[in-house]
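K.L.:
Take the sequence shown: its position 62, counted from the start at 1, is 59 in this note's numbering, and no numbers get skipped. No residue lacks a Cβ here, since even glycine has one placed at the ideal position from N, Cα and C. As the structure is a computational prediction, the values presented were derived from the model and not from experiment. Please read through the structure below; I'll follow up with questions.
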Amino acid sequence: MKQTAIFWPMIGHVLLVFLIYGLLSLRRKAAVMSGSAKISQFRENQNEPAQSLFVRNALGNQFELPVLFHIACLSLYVTQGVGTLSLAVAWVFVVSRYAHTAIHVTSNRIRYRQPVFIAGFVMVFVLWLLLALQLIES
């Protein structure tokens, strides 16, 4: 397997981050245009209007668990540990992030969001487990 294949799920996640930034800008602009917020409110992110708060929180989530995902992917690359399983697990994680974000910026129902988060959490754990096994074997 080509070791650089692990970069595609990473790029897929980075694309999600850029999409969320775009959505946040649109929601904040809409809040200002509708009069439910003033531009000055966004200077210190205080009193975020409801229509953009979920998006801002979804953005923040992309810099928590995904950090461990990116480190695991880079570590697998460096140790030549990228295989079919690790690549599949990485893609499942990315899909879980897209699903988690979609739920977060729409209904934001914990009932739906939590299982998707747990699936992604498990995928990151598996990536680290695969890295550990790679290190044991080498």
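Find the nearest neighbour of SER135 within the set LEU16, GLY78, GLN111, judged by alpha-carbon distance.
P.N.:
For the residues LEU16, GLY78, GLN111, the minimum Cα distance to SER135 belongs to GLY78.
K.L.:
Do the CB positions of ASN44 and ALA34 come within less than 9 angstroms of each other?
P.N.:
yes
K.L.:
For a test of the three-state rule: what should DSSP assign to ARG40, helix, strand or coil?
P.N.:
coil
K.L.:
Sorted by chain position, which residues of the same chain lie with C-beta nearer than 7 angstroms to LEU21's C-beta, five sequence neighbours on each side aside?
P.N.:
Same-chain partners within the cutoff: SER49, VAL52, ARG53, LEU56.
K.L.:
Under 8 angstroms by Cβ, that's how I've got TRP76 and MET(-2) pegged, so tell me the actual separation to the nearest angstrom.
P.N.:
What sits at residue 76 in the sequence shown is Thr, not Trp. The Cβ separation is near 13 angstroms, so there is no contact.
K.L.:
Report yes if the CB atom of THR98 is closer than 9 angstroms to the CB atom of LEU13, and no otherwise.
P.N.:
yes
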